[in-house]
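>
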Amino acid sequence: MRFKSSLIPGGLVSFFLLSFAFLLFFILFISQDQTILTELDPRVWSLLKFTLYQAFLSTLLSVGVGIALAWSLAHQAAFKGRSLLVALFSSSLVLPTLIVVFGLITVLGRNGWVNQLSLYLFDYSFGAYLYGLGGILIAHVYLNASFASRSLLHAFESIPKEKYKLAKSLNFTTFQRFLYVEFPALRSTLLSITSTIFLLCFTSFAIVLVLGGSPSYNTLEVAIYEAVKLDFDISMALKLALIQLSISTLLVIFSANFRDSLTNLKTSHINIPWAEAKSVKRIQVTIITLFALFFVLPLLAIIVDGIGADFSHIFSEALFIKSFLTSIGLATVSSILTVIIAILLSDARRNFTVKHRLSEHKMAKVFSIILAFSGNLYLAIPSLIMGLGFFLLSQRYEAPLVLWSIIALLTANVLMSLPFALSVLSPAMQKTAQRYDKLIFSLNLTKLQRWVYCEYPYLKSSLGYVFALAFCFSLGDLGIIALFGSDDFSTLPWYLYQLMGSYRTEDGAGVALILLAIVLAVFTLLPKLFGGTDAKRNQPKV
Amino acid sequence: MLNVTNLKYEYKNAADLYEYSMTIQAGEIVAILGQSGSGKSTLLDLIAGFLSASSGSIKLDDRDLTNLSVEKRPLTILFQNHNLFEHLTVQKNILLGVSKVLKENIEDVEKVQGILAEVGLEKYEHSLASTLSGGQQQRVALARVLMRREPILLLDEPFTGLDAQTRIQMLDLVKKITIEHNLHTIMVTHEIQDCERIANRVYQMQDHLLVAQ
Chain A
1 MRFKSSLIPG GLVSFFLLSF AFLLFFILFI SQDQTILTEL DPRVWSLLKF TLYQAFLSTL
61 LSVGVGIALA WSLAHQAAFK GRSLLVALFS SSLVLPTLIV VFGLITVLGR NGWVNQLSLY
121 LFDYSFGAYL YGLGGILIAH VYLNASFASR SLLHAFESIP KEKYKLAKSL NFTTFQRFLY
181 VEFPALRSTL LSITSTIFLL CFTSFAIVLV LGGSPSYNTL EVAIYEAVKL DFDISMALKL
241 ALIQLSISTL LVIFSANFRD SLTNLKTSHI NIPWAEAKSV KRIQVTIITL FALFFVLPLL
301 AIIVDGIGAD FSHIFSEALF IKSFLTSIGL ATVSSILTVI IAILLSDARR NFTVKHRLSE
361 HKMAKVFSII LAFSGNLYLA IPSLIMGLGF FLLSQRYEAP LVLWSIIALL TANVLMSLPF
421 ALSVLSPAMQ KTAQRYDKLI FSLNLTKLQR WVYCEYPYLK SSLGYVFALA FCFSLGDLGI
481 IALFGSDDFS TLPWYLYQLM GSYRTEDGAG VALILLAIVL AVFTLLPKLF GGTDAKRNQP
541 KV
Chain B
1001 MLNVTNLKYE YKNAADLYEY SMTIQAGEIV AILGQSGSGK STLLDLIAGF LSASSGSIKL
1061 DDRDLTNLSV EKRPLTILFQ NHNLFEHLTV QKNILLGVSK VLKENIEDVE KVQGILAEVG
1121 LEKYEHSLAS TLSGGQQQRV ALARVLMRRE PILLLDEPFT GLDAQTRIQM LDLVKKITIE
1181 HNLHTIMVTH EIQDCERIAN RVYQMQDHLL VAQ
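Chains A and B, in that order, give the protein sequences. Counted from 1, the first sequence has number 116 at position 116 by the numbering used here; the numbering is strictly sequential. Counted from 1, the second sequence has number 1021 at position 21 by the numbering used here; the numbering is strictly sequential.
1) Under 8 angstroms between C-beta atoms, does residue 442 (chain A) make it to chain B?
2) Report the option in A:54, A:31, A:51, A:93 whose CA atom is closest to the CA atom of residue 465 (chain A).
3) What first and last residue would you give for the beta strand (DSSP E) that runs through residue 1124 (chain B)?
4) If you count every other CB in all the chains shown that lies within 10 Å of the CB of residue 320 (chain A), and 16 or more means buried, which is it?
5) Looking only at its own chain, which residues have a Cβ that is under 7 angstroms from the Cβ of residue 155 (chain A), when we skip the five neighbours before and after it?
6) With burial defined as no fewer than 16 other Cβ atoms inside 10 Å of the residue's Cβ, what is the status of residue 307 (chain A): buried or exposed?
7) So, does the segment 419 to 427 of chain A touch the segment 484 to 499 of chain A, judging by three or more C-beta pairs under 8 angstroms?
8) Exposed or buried, residue 1055 (chain B), counting other C-beta atoms within 10 Å across all chains shown (16 or more means buried)?
9) From the DSSP secondary-structure annotation, give me the bridge partner or partners of residue 226 (chain A).
10) From A:230, A:507, A:346, A:226, pick the residue whose C-alpha is nearest to that of residue 14 (chain A); which is it?
11) Within 10 Å of its beta-carbon, does residue 253 (chain A) have 16 or more other beta-carbons around it, so buried, or fewer, so exposed?
12) Please confirm if residue 252 (chain A) has its CB atom under 8 angstroms from at least one CB of chain B.
13) Could you check whether residue 1053 (chain B) and residue 1002 (chain B) sit closer than 8 angstroms to each other, using their CB atoms as the reference points?
14) Provide the residue span of the alpha helix (DSSP H) that contains residue 329 (chain A), from first to last.
15) For a test of the three-state rule: what should DSSP assign to residue 1061 (chain B), helix, strand or coil?
16) Please decide whether residue 535 (chain A) counts as near chain B, where near means a Cβ-Cβ distance under 8 angstroms.
17) Compute the Euclidean distance between the alpha carbons of residue 1128 (chain B) and residue 245 (chain A), then round it to the nearest angstrom.
18) Looking at the C-beta of residue 435 (chain A), does it have a partner C-beta in chain B at a distance below 8 angstroms?
19) In the DSSP assignment, find the beta strand (DSSP E) that holds residue 1187 (chain B) and state where it starts and stops.
20) Which partner residues of residue 1022 (chain B) appear in the DSSP bridge assignment?
21) Between residue 200 (chain A) and residue 144 (chain A), is the Cβ-Cβ spacing less than 8 angstroms?
22) Taking the alpha helix (DSSP H) that residue 543 (chain A) belongs to, which residues open and close that run?
23) Might you give, ordered along the chain, the residues of its own chain that have their beta carbon closer than 7 angstroms to the beta carbon of residue 1069 (chain B), omitting 5 neighbours on each side?
24) For chain B, check one thing: does any of its Cβ atoms lie closer than 8 angstroms to the Cβ of residue 366 (chain A)?
25) DSSP on residue 1056 (chain B), reduced to helix/strand/coil?
26) Within this structure, are the beta carbons of residue 1034 (chain B) and residue 1190 (chain B) separated by less than 8 angstroms?
27) Residues in its own chain within less than 6 angstroms of residue 309 (chain A) by CB, not counting five upstream and five downstream?
28) By Cβ distance, which residues of its chain are closer than 8 angstroms to residue 1045 (chain B), with the 5 residues on each side in sequence left out?
29) Can you name the residues that DSSP bridges to residue 500 (chain A)?
30) What is the rounded straight-line gap between the Cα of residue 520 (chain A) and the Cα of residue 1099 (chain B)?
31) Could you compute how far the alpha carbon of residue 263 (chain A) sits from the alpha carbon of residue 152 (chain A)?
32) Below 8 angstroms CB to CB, which residues in the same chain sit around residue 419 (chain A) once its five sequence neighbours on both sides are set aside?
33) Does DSSP put residue 994 (chain B) in a helix, in a strand, or in coil?
34) Give the secondary structure of residue 360 (chain A) by DSSP, where H, G and I count as helix, E and B as strand, and everything else as coil.
35) If we call anything under 8 angstroms between Cβ atoms a contact, is residue 441 (chain A) one with residue 1071 (chain B)?
36) Which residues, in order along the segment 1053 to 1074 of chain B, keep a beta-carbon less than 7 angstroms from a beta-carbon of chain A?
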């Protein structure tokens, strides 16, 4: 049947991506000294232990705060500004980590707002607690608790009202309600977000790089960066990369079963039929208010500090203009590539999941997993390791370094966005196929007609969302550019990092504001530009 | 005449073997009765080509349809839901699949007006499908049947969910269209009243076997 032809482009893309992963493994493996795998010195052990330790603590805190926040938001549907807060929390997914770090330093740093207020009121300073494990945990909680709360809020709102009514009629306490009604409904989402947050914290780079402070707070990723960029110790970098790669691959395989329900981040204003006791309500309002302050203040700090920056000076800097244009150009190309690849992979994959196609084929599940895995390579191969692979390739095969840098950044950006792009597009494309396949095949519509009359109208706002997501991810990433960044080749996050490193905080504040403005504008406006029609209601809400 | 002869199908995940044999003359309506999950819709999927039979044949007069792909089979299907694209106009929905190019042929566009009159929707040509009621949407889907002029019409419980009066109107419209256009119509239903109203003959699914009543 005609749908079988859609296997070829998606299959080729999948083959290309898997070959790329194989090549990367190969280049890392053949470049390393054979002895290094058999011996792990104490330095590597301590790096590994700290990486796992901070990831564990960050995950525990992020999920704990996320549950408390989602629980409070679910039960306080009438909280003023709730919709705005939920929308802001969802933007945490695309906020460049460096901006978050910049905002956190402005608020919580040694000379930050909190310390200044404390000095003024109590003549006491909390000191430089932000540099070290404390700062790493705070930044991880900032980004991940908001992300967790967004997913968990949907799980709370999906609980049937009847269950609450039944619990109320049985005179449950708030704790019993959570234990017997709410927690069981959260369990699958909790597994998903816990495994994802652990992976994100395990491979966290920019946050640890800036807030880690001393080598005792280094993670594997930062140590790889330092080995390549500062110590020129490629052998050490390879050793660390192979350890990192092995563990993250194991984690991805281990958590693969848990990561299904991340896509549905739809929230609404469902009023839970349970009037909270005053004391519980007070706790919930306090939780929301405290987290809102924690979340909003760093963003506000970026705006306040940024407005005071000398923009005429910033715009007159040739390196800024170069970084700006490079970032926008790379983000645009990366987003276009991400959208195309996500469509091709989703189109091929649905052949093995939609009834009346090849879902009953004995190898259907295997092919479906291969296609899904090829789109989720980034989770197993963090961008810095990818960068290291490209770095080694650039040394083996001669070409201008700028060209290698562009290829490396584009590849990393696309692979970084693909898991999210697929989690949005794949269910949407599957749904259109399930609904309209029979009609379309029986009407003998051509591929072009199918796309124009069916697929595009139903997918366009998802496509807009995926494009915006990929654009923001690409624009804000400080991963691979840390290895390839130079005065000849720079992006906005790299430029901002350089400014922070040279204590040009005023210019840094201006650049951070520019980055924040672009990210928020693209993330909120672009999906709207792609438009909404009646078909919009059939789309996955994200 | 449409001949379905010893058509067999076995679901891979369940070891149940379904078997179908039936004949339909042009201008005739055959109803297939049976409970949910009895295999009624499987027969329509086999005739339409969405499923491949393990053995048996489907022939329209002398033409063997058994191994043809979905798009090459001379038929139109009406499902219970999703017969139309809600964001397209009534006219566009009717013209879908008539031509291979995106731009409509003027003659076809003119033809739509007459067909809409036949199904009682002459004023709705440029309305969006999403603005129509459930009954009107199924009329548009029937109008498409007339536009395509394929000799086989498969109805997979398309009037479930409509109110009693609309349902009767729709059934009568199907009867009229079948007779006037000499269609071979197969209607899957679980409503005996539907069979009594329009079917010439009734088959029933019993223990995975299609049996004439």
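Where is the CB? At the ideal position from N, CA and C, for every residue including glycine. From a predicted model like this one, the values you see are computed outputs, not experimental measurements.
The answer reads as follows:
1) yes
2) A:93
3) Where residue 1124 (chain B) is concerned, there is no enclosing beta strand (DSSP E), given that its DSSP letter is neither H nor E.
4) buried
5) 185, 186, 189
6) exposed
7) no
8) exposed
9) DSSP, once it has assigned bridges, lists no residue as partnering residue 226 (chain A).
10) A:346
11) exposed
12) no
13) no
14) 318 to 349
15) coil
16) Residue placement at residue 535 (chain A) is flagged as unreliable, the pLDDT there being 42, under the threshold of 50; the coordinate-derived value follows with that caveat. Residue 535 (chain A) counts as touching chain B.
17) 53 angstroms
18) yes
19) 1184 to 1189
20) B:1004
21) yes
22) There is no way to answer for residue 543 (chain A), as the model of chain A reaches only from 1 to 542.
23) 1049
24) no
25) strand
26) yes
27) 506, 509, 510
28) 1051
29) Looking at the DSSP assignment, residue 500 (chain A) forms no beta bridge with any residue, so it has no partner.
30) 44 angstroms
31) Because the pLDDT at residue 263 (chain A) is just 48, under 50, the model does not fix this residue reliably, and the value given afterwards should be weighed accordingly. Taking the straight line joining both Cα atoms gives about 12 angstroms.
32) 375, 376, 378, 379
33) Beyond the ends of chain B as shown, which are 1001 and 1213, falls residue 994 (chain B); an answer cannot be given.
34) coil
35) yes
36) 1069, 1070, 1071
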